[in-house]
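Listed in order, the protein sequences are those of chains A and B. Reminder that position 162 of the first sequence reads as 162 in UniProt numbering, one-by-one numbering, no gaps. Reminder that position 281 of the second sequence reads as 281 in UniProt numbering, one-by-one numbering, no gaps.
Number of protein chains: 2
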Amino acid sequence: MEKERQLARIDDTSAYLIAPSPHASRLTRGVQGTDQDGKTVALNVVEERPLTIYLNAQEIVTAMTIGDYPEYLALGFLRNQGMLKAGDDITGVDYDEEIETVVVRTKTHTTFEEKLKKKTRTSGCAVGTVFGDMMEGLEGITLPATSVRTSDLYKLAATINRTPSLYLEAGAIHGTVLCQQDRPLVYMEDVGRHNAVDKIAGWMLSEKVPADDKVLYTTGRLTSEMVIKTSMMGIPVLASRSGFTAWGVEIAQQVGLTLIGRMKGQRFVCLSGEDRLIRDADPSKIADDPRKSGRKGAAQ
Amino acid sequence: MEKERQLARIDDTSAYLIAPSPHASRLTRGVQGTDQDGKTVALNVVEERPLTIYLNAQEIVTAMTIGDYPEYLALGFLRNQGMLKAGDDITGVDYDEEIETVVVRTKTHTTFEEKLKKKTRTSGCAVGTVFGDMMEGLEGITLPATSVRTSDLYKLAATINRTPSLYLEAGAIHGTVLCQQDRPLVYMEDVGRHNAVDKIAGWMLSEKVPADDKVLYTTGRLTSEMVIKTSMMGIPVLASRSGFTAWGVEIAQQVGLTLIGRMKGQRFVCLSGEDRLIRDADPSKIADDPRKSGRKGAAQ
C-alpha cells in the first residue's frame, strides 16, 4: 500500500549471494477481504509456520517462521544460543517438510540437556529466544576493530531499501542483510525478526564465512537480543533504520559493537563503537527522505 | 525524529482509564551518541528489563518488558496462555522489584506442571510465548457478534495516534489499546508487542472488565499470536495499522474474530468478520495521510 511512495526498485539482484524471493509461492498466500469502501480486495500476505528444531535427540524450540531456509534457521539458532559451539562437528542437518522439523546432528553430544535445565522460557518480541545462554555466550567475546565507512553504510541502506523483497510485496515481515563494505551479500526475511538473523548465522556457519569484515543491517529494533546475536556471530557493526532499547545499547558498549540506529536518508545515530566509523561521506549530499523508501523505522 | 511529521498531540488524556506515561523516569534512559555529522546527541531510549513470572512455586517464563505494570503482565500472560482459567481463585500477585519477579498465587493449584511437560519453547517475534496451550485454549471459543462502527474505528485511530506516548517520545516500542466504541480506555506500551496485550488482559482480569463490547487496537502485526491472544481475551474486534500473516488471518476466520489491518488514514482492509462492521463513515471524508500520524505500519 506504500508502493506509490517507494523509490524505484533495483532490477538486478545478481550482486546478492542470496536475495529475497518476493514471488516464491510458498512464502505468501493470496487472501481476499474488503477495503474501506466495502470493495473486495485481494492481497498477498506472508506465511507463518511452526518449525521445531531438534539438536540430536533433544527437542529444543519451535520457531514461527516464514519457512524458507529451515536448515540455516536451525543451525543459526543453535549457534546463536551457544548450544552449538564453533568446534562442534555437525554430521547432519535433516529437514522434514511434512512434520515441520529440523534435526541438527553432532558427532559428540553437546551439553544441552544440562543447559536446558537452566533455561527459562522467554516471552516478548524483544526476546523470543532462550535467554540464559545468550548472556553466557557473550563472556570473552571481543569484536574485531574493523573500520566501516559511512559512505558504504549509506550505499547499503539505499540498495537494500530498493531491493525487491517480501516486505515490499506483502509487508508484515522483517529483513536482515549481511553486508561487506558497500555490497549486500545475503538478504534474509522472516516473520520473526531474529529468525532472519539466525538464518544468516546458519548460512555463515555452513559456508564458513568470516565475520570480522562484515556489517549486519536489520529493519528491526536494536534490542538486547539483536545485539547479543550479532555479537555471538562476531560481526563488529550492526545498523538499523529502527530505534534502540537501553539494554541493547548497554550490551553493545560492553562488547564493543558499533551500533547505528535510526538510519534514514542522511540521518543516523551511533550509540556505541564510534571509533570504528570512518566519516568519509558528506551527509548533506545524501537525499534525506526517510518516508519515501518504503521502509519504516521505529517499533519494528 | 518524526516529530515534525506528526499531527498535533492531544493534551487531555483524562478520558483514558490508563494512559501512557511517556515521561516516567523508570521507563526510558538518557543516552549519548553522535549523529551523522559527528555531533554529540542525547536521546531517550526505552528500557528493557527481564521479569520472571511464577505461578505458585513454578517458574513459568522470563519476559523482556519495559517494566511497568508487572502484576498485570504476569496475570495477563498466564491467562492468555490458558494457565490461569477464568474460574481460578487468585489469592495473591506479589511483585519483587529487586529480584525482578512476579509470583501469582492461586487457591487450588493448577495443572500447569502437566502443561509444562507438553510445552515447546518458542522463538520468533511472531510467537514469543508458549504455543501448545495457545491453540488448545482456542477450542470452543465463540466471540460475541457485537457490531462495530467504522466511524468509531476512525475516531479511535485518530485519538490513539495523537496521544502522548513512549512511542512518540522514544520510539522502538509497541502499543496496544483497549477501546469501547469511540473511546480508548487502556493504552499499554511495551518493548514486546504481546506484553502490551498481556498487560491489558491482566488489567481486565483484575478489574473484571467484560470483553464482549470492546475493540483492541494494536500497532503491531496481526500474527497468529496476536489473534490467539485477542480471542482468548474474548474481544471480538482487532484492528491495526500494520499488516497480516496468513496464519493470523486463518485463525481469525476460524474463531470469527473481526480482523482489520493496514488501517492508515481513510484506508483499511478487513480480512475476517466483515459481518460485524457497520460502515457508517464516509472514508472520503477522512484525511488520508498515513505518513503524518507519527505511527508506522508494516513489519511491527
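Ideal placement from N, C-alpha and C gives every residue a C-beta, glycine not left out.
Check                                                                                                                                : Outcome
DSSP bridge partner residues for residue 33(B) (one or two, in chain order)                                                          : 41(B)
Which of helix, strand or coil DSSP assigns to residue 25(B)                                                                         : helix
Beta-carbon contacts of residue 192(A) that lie in its chain and below 8 Å, excluding the five residues immediately before and after : 63, 64, 65, 128 and 174
Residues, ordered as in the chain, of the region 259-286 of chain B that lie near chain A by beta-carbon distance below 7 Å          : 262, 266, 267, 268, 269, 270, 271, 274, 279 and 283
Complete beta strand (DSSP E) runs within the region 228-262 of chain A (minimum length 3 residues, chain order)                     : 237-240
For residue 50(B) and residue 187(B), believed in contact at Cβ under 8 Å, the rounded distance                                      : So it is not a contact: roughly 24 Å between Cβ atoms.
Extent of the continuous beta strand (DSSP E) run through residue 188(A)                                                             : 183-190
Below-7 Å beta-carbon distance, residue 172(B) vs any chain A residue                                                                : yes
Backbone CA spacing between residue 247(A) and residue 260(B) [nearest angstrom]                                                     : 33 Å
Burial state of residue 220(A), where buried means 16 or more other Cβ atoms lie within 10 Å                                         : buried
Boundaries (first-last residue) of the beta strand (DSSP E) holding residue 147(B)                                                   : Residue 147(B) -> no beta strand (DSSP E), and no H or E assigned at all.
For residue 266(B) and residue 283(B), the rounded distance between their alpha carbons                                              : 5 Å
Contact under 7 Å by Cβ, residue 148(B) with residue 215(B)                                                                          : yes
Short CB-CB distance (under 7 Å) between residue 36(A) and chain B                                                                   : yes
Interface residues of the region 138-166 of chain A facing chain B [CB-CB below 8 Å]                                                 : 150
Alpha-carbon to alpha-carbon, residue 197(B) and residue 225(B)                                                                      : 10 Å
Nearest neighbour of residue 254(B), chosen from 170(B), 157(B), 222(B) and 141(B) [CA to CA]                                        : 141(B)
Short CB-CB distance (under 7 Å) between residue 120(B) and chain A                                                                  : In this predicted model, residue 120(B) has a pLDDT of only 38, less than 50, meaning its place in the structure is not dependable enough to derive any value.
Residue 78(A): first and last residue of the uninterrupted alpha helix (DSSP H) it sits in                                           : 70-80
Straight-line Cα distance separating residue 23(B) from residue 212(B)                                                               : 33 Å
Exposure of residue 81(B), with buried meaning 16 or more beta-carbon neighbours within 10 Å                                         : buried
Check whether residue 279(A) and residue 150(A) have beta carbons under 7 Å apart                                                    : yes
Contact set for residue 76(B): own chain, Cβ-Cβ below 6 Å, skip 5 residues either direction                                          : 198, 199, 201 and 202
Residues bridged to residue 272(A) (per DSSP)                                                                                        : 259(A)
Complete beta strand (DSSP E) runs within the region 188-224 of chain A (minimum length 3 residues, chain order)                     : 214-218
Beta-carbon neighbours of residue 31(A), restricted to chain B and to distances below 8 Å                                            : 244, 246, 249 and 271
Cβ neighbours of residue 18(B) in the same chain (closer than 6 Å, five flanking residues each side left out)                        : 186
Neighbourhood of residue 152(B) by C-beta distance below 6 Å, restricted to the same chain and skipping five residues each side      : 181 and 182
Interface residues of chain A facing residue 48(B) [CB-CB closer than 8 Å]                                                           : 126, 223, 224, 245, 246, 247 and 248
C-alpha distance - residue 60(A) paired with residue 29(B), whole-angstrom precision                                                 : 35 Å
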